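Novice: Sharing a structure with you now.
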């Protein structure tokens with residue numbers, strides 16, 4: 001199959017809705033057809049070629065690859081509803097990267113906007129830089145967040161990562177904002193850096209693992225035990241961790257694990273350990 | 276052509292239209308629409324659909340996710356909008372027109388928020404409309420009835436209908452919403468309303484008498500007490516029975532709305548069953564009742580009602596987000612999103628109750644098709660419901676996919692009645708127009724409004740029982756919708772977007788009674804309300820397309 005290279009021709013001031021930029025939709029189209037695809041920039045509908053220079057290259061792989069070159073931080077919905085193939089963004093990407101995707105992979109070398117992997121059902125998203133709020137969350141108002149797949153953020157993430165998620169995995173190597181795992185009912189969030197706080201609020205299931213510092217645990221969480229290690233997909237993360245269950249305001253079936261060594265202020269839990 | 280009010284059942288006929296009315300004949304130069312091989316019916320009349328007002332708009336604000344995947348771009352003649360369960364006003368008008376509906380009634384509007392309802396109705400294109408203000412928990416109404424001053428109550432309601440430009444009296448959980456505001460709940464019809472000396476039964480009977488004194492074109496429109504509670508079918512029957520003998524024997528005196536929600540048997544959630552046979556039996560034996568289905572469709576929708584108590588219960592059951600409102604001394608209301616699931620036992624039973632009702636009530640003139648939009652599902656699902664009514668095969672297909680225990684418990688699999696096109700015309704337009712007292716709607720006789728729906732399906736060639744999918748497809752997009760003599764939809768697409776009228780009823784009471792009630796209100800408004808009486812009433816000029824119906828009251 002082929003690699004489609006989309007080079008951004010000019011600076012973008014207004015948001016571009018690029019829900020056609022997925023391997024599924026571009027596969028089988030020739031360069032002219034791709035250039036003619038309509039997309040919205042602000043309130044104007046343009047052809048794709050007004051924004052991108054399109055070239056293509058044959059490669060030996062079975063799948064279609066899209067490479068976006070340039071500053072795409074205003075381009076939204078890259079990889080929308082994709083089910084296979086891969087997308088490589090060399091630089092930043094905008095909001096809604098990989099929205100509703102069911103398979104394939106997206107790699108962004110720069111930063112991404114908010115709602116990365118919104119309501120995704122499968123596949124893999126990797127972001128080398130930072131990301132905004134609502135990683136793997138649902139659209140505003142919905143109670144259906146991410147339902148499957150994996151998101152890897154190498155930098156920092158904003159607030160409410162994994163909001164309403166029902167399955168899948170999110171790994172944030174940098175720091176995390178407020179409320180990771182809010183409303184989540186299943187799946188795992190691993191925050192390797194520090195967290196601003198309120199982890200797992202209103203969670204009804206699933207796991208939030210925090211390796212860095214968490215200023216405090218919510219009062220609606222109950223201390224359970226000290227566990228030696230935590231598990232993220234197949235990886236064992238060495239602890240020890242304080243394990244809490246909550247949110248007791250919901251059904252209390254979620255788990256929050258916080259690393260002992262980075263959180264000396266949580267030492268008070270240990271008095272509740274059964275001897 | 277199917278025109279049940281004029282006893283036309285699938286005959287070939289011509290309709291002549293001039294100046295928005297059906298006439299005897301027209302000159303040769305008239306535009307001709309060839310509808311041969313198609314079904315022609317009067318424009319649809321929806322008796323109960325929440326399309327405008329404060330709670331509908333609150334629902335829109337509460338649910339951005341409802342609109343996200345259903346966005347309509349503007350065209351050269353239509354406006355942009357969003358849809359799904361709570362469409363924007365313009366989209367509501369367009370979608371109704373595409374279904375062949377030309378008249379829609381908003382069935383619950385808090386008195387003091389009716390100005391908002393009319394502002395939205397004025398922005399709902401094509402369809403003619405009206406609204407039913409809420410009186411069942413209104414302090415003024417309850418106080419007058421408690422003091423036995425039925426005539427003053429009638430004069431008050433007439434004043435209020437004029438002030439709010441309302442069409443009929445809506446009663447929602449009479450007394451129950453008021454009780455819930457005090458943290459109490461009423462069971463059945465005979466618990467006393469807190470701080471008042473009367474019961475829901477007395478409120479319903481009192482307002483029913485008022486309705487007759489005022490000669491309103493529609494009956495009282497009642498959402499019963501105990502809605503959605505287990506075993507509530509008995510309350511529904513009691514409510515229907517409470518007004519028996521009050522009115523003219525041959526004329527309906529009460530309309531019970533969305534009976535699906537109030538037709539449950541059982542003693543706990545795990546043994547909820549269908550009370551449709553009992554209710555249908557009562558309706559078959561008594562002429563004073565009309566009902567509508569309130570059918571549910573398996574989908575993610577938004578429930579909204581003035582029954583704040585019910586919405587609180589649904590919020591606790593579902594854990595979904597919830598919006599509640601206390602409308603001063605008048606009523607309450609709530610909004611909760613809800614997803615009806617096939618494999619949920621109670622939802623599957625609910626689905627069965629609605630259809631059983633429609634199939635077991637023998638007279639189609641007294642049961643109407645609604646989904647209580649958007650409570651049971653949005654109105655764009657009507658073709659689906661029609662196919663269930665017309666085809667046992669369609670029902671079996673859906674039955675095979677619902678919760679197994681519910682399937683075994685329902686009578687629905689044994690019902691083999693199938694509606695004819697003529698009966699469908701009754702439950703969607705002729706019957707509803709008759710129940711609403713709209714003389715110029717729901718039929719195509721000379722003098723009727725020229726509201727016509729044409730569907731591209733040939734009843735001589737298609738057997739709706741077998742080819743229910745073709746029926747569904749044809750009804751989804753009308754080949755032509757004509758509103759007031761203008762073609763608004765052609766092949767399922769909008770071609771023109773005129774604005775419809777707003778009907779309201781002005782029932783004139785005697786001058787003496789009117790001034791007496793007005794002086795009562797001056798005192799109570801200062802005592803009860805945050806709004807001054809002089810700012811409360813809507814002027815006639817506030818309606819963009821006002822259509823007043825004058826009646827003379829008996830008082």
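Chains as they are written, first to last, in my numbering: chain A, 1 to 275; chain B, 276 to 830. In this text, a Cβ means the ideal position worked out from N, Cα and C, and glycines have one as well. A quick note: this is a predicted structure, and the numbers were derived from the prediction, not measured.
#1: Do we get a CB-CB distance below 8 angstroms when we pair residue 67/A with the residues of chain B?
#2: Just to make sure I have the definition right: I need the residues of chain B whose C-beta is within less than 9 angstroms of the C-beta of residue 140/A. Which are they?
#3: Let's see if you can read the secondary structure: which residues bound the alpha helix (DSSP H) around residue 456/B?
#4: Taking the alpha carbon of residue 285/B as the reference point, which residue from 302/B, 295/B, 651/B and 313/B has its own alpha carbon closest?
#5: Got a sec: which bits of the stretch 566-595 of chain B sit with their beta carbon under 9 angstroms from any beta carbon on chain A, in order along the chain?
#6: Taking Cβ to Cβ, would you say residue 386/B is nearer than 8 angstroms to residue 408/B?
#7: Give the DSSP-derived three-state secondary structure of residue 598/B in the structure shown.
#8: If you measure from the beta carbon of residue 133/A to each beta carbon in chain B, is any gap under 8 angstroms?
#9: Compile a chain-ordered list of the residues in the stretch 140-173 of chain A whose CB is closer than 9 angstroms to at least one CB of chain B.
#10: So what does DSSP say about residue 626/B, is it helix, strand or coil?
#11: Extract the residue ranges of the beta strand (DSSP E) inside the stretch 520-562 of chain B, only unbroken runs of 3 or more that lie entirely within it.
#12: Along the chain, where does the beta strand (DSSP E) that runs through residue 66/A open and close?
#13: From what residue to what residue does the beta strand (DSSP E) around residue 665/B run?
#14: Identify whether residue 396/B lies in helix, strand or coil by the three-state DSSP scheme.
#15: Applying the criterion that 16 or more other CB atoms from any shown protein chain within 10 Å of the CB defines a buried residue, is residue 778/B buried or exposed?
#16: Along the chain, where does the beta strand (DSSP E) that runs through residue 576/B open and close?
#17: How would you label residue 543/B, buried or exposed, when you count the other beta carbons within 10 angstroms and need 16 or more for buried?
#18: With a Cβ-Cβ cutoff of 8 angstroms, do residue 110/A and residue 91/A count as a contact?
#19: According to the neighbour-count rule (16 or more other Cβ atoms, all chains shown, within 10 Å of its Cβ), is residue 215/A buried or exposed?
#20: With distance defined between alpha-carbon atoms, name the residue in 186/A, 46/A and 61/A nearest to residue 15/A.
#21: Give me the residue from 781/B, 783/B, 587/B and 761/B with the minimum Cα distance to residue 775/B.
#22: What are the uninterrupted segments assigned as alpha helix (DSSP H) that are 4 or more residues long and contained completely in the stretch 740-785 of chain B, given in chain order?
#23: Just mark residue 721/B as buried or exposed, buried being the case when its beta carbon has 16 or more other beta carbons within 10 Å.
#24: Who are the Cβ neighbours of residue 730/B in its own chain at under 7 angstroms, not counting the five residues just before and after it?
#25: Buried or exposed: where does residue 355/B fall if 16 or more other Cβ atoms within 10 Å of its Cβ makes it buried?
#26: Pairs of beta-carbons, one from the stretch 428-437 of chain B and one from the stretch 458-478 of chain B, closer than 8 angstroms: are there three or more?
#27: Okay, do the stretch 604-620 of chain B and the stretch 411-418 of chain B touch, 3+ Cβ pairs below 8 angstroms being the bar?
#28: Are the CB atoms of residue 206/A and residue 187/A within a distance shorter than 8 angstroms?
#29: DSSP three-state call for residue 472/B: helix, strand or coil?
#30: Assess contact between the stretch 659-671 of chain B and the stretch 732-740 of chain B, defined as three or more Cβ pairs (one per stretch) separated by less than 8 angstroms. Is contact present?
#31: Quick check on this structure: which residue in 511/B, 448/B, 518/B and 508/B has the alpha carbon closest to the alpha carbon of residue 237/B?
#32: How would you label residue 36/A, buried or exposed, when you count the other beta carbons within 10 angstroms and need 16 or more for buried?
#33: Going by DSSP, name the residue or residues bridged to residue 428/B.
#34: With DSSP as the reference, label residue 818/B as helix, strand or coil.
Specialist: Reading from the atomic positions:
#1: Chain B, which has no Cβ nearer than 8 angstroms to the Cβ of residue 67/A, makes this no.
#2: Those are 339, 340 and 343, listed as they occur along chain B.
#3: Its alpha helix (DSSP H) spans residues 451-456.
#4: Ranking the options by Cα distance to residue 285/B, first place goes to 313/B.
#5: If the cut-off is 9 angstroms between Cβ atoms, the stretch 566-595 of chain B has 594 and 595 near chain A.
#6: Yes. Within cutoff.
#7: Residue 598/B falls in the strand class under three-state DSSP.
#8: Taking 8 angstroms as the CB threshold, residue 133/A stays off the interface with chain B.
#9: Cβ contacts with chain B come from 140, 141, 142, 143 and 144.
#10: When DSSP states are grouped into helix, strand and coil, residue 626/B belongs to the helix group.
#11: Fully enclosed beta strand (DSSP E) runs of 3 or longer: 529-531.
#12: Per DSSP, residue 66/A is one residue of the beta strand (DSSP E) stretching across 65-69.
#13: Element bounds for residue 665/B: not the beta strand (DSSP E) but the alpha helix (DSSP H), 657-665.
#14: It is helical.
#15: When all chains shown are included, residue 778/B counts as buried.
#16: Start and end: 575-580.
#17: With fewer than 16 other Cβ atoms within 10 Å, it is exposed.
#18: Yes; because the gap between Cβ atoms is below 8 angstroms, this pair is in contact.
#19: With fewer than 16 other Cβ atoms within 10 Å, it is exposed.
#20: Nearest C-alpha to residue 15/A: 46/A.
#21: Here the closest residue by C-alpha is 761/B.
#22: Counting only runs of 4 or more, we get 743-751.
#23: Residue 721/B comes out exposed.
#24: Taken in chain order, the residues that qualify are 313, 314, 375, 749, 750, 753 and 754.
#25: The residue is exposed, with fewer than 16 neighbouring Cβ atoms inside 10 Å.
#26: Contact between the stretch 428-437 of chain B and the stretch 458-478 of chain B is absent, with fewer than three C-beta pairs closer than 8 angstroms.
#27: Cβ pair count under 8 angstroms is three or more, so yes.
#28: At the C-beta level, residue 187/A and residue 206/A come within 8 angstroms of one another.
#29: The three-state secondary structure of residue 472/B, taken from DSSP, is coil.
#30: They touch, by the three-pair rule.
#31: Because residue 237/B is not part of the residues shown, which for chain B are 276 to 830, the question remains open.
#32: Exposed, because fewer than 16 other Cβ atoms sit within 10 Å of the Cβ of residue 36/A.
#33: For residue 428/B, which the question treats as bridged, DSSP gives no partner whatsoever.
#34: In the structure shown, residue 818/B sits in coil (DSSP, three-state: anything other than H, G, I, E or B).
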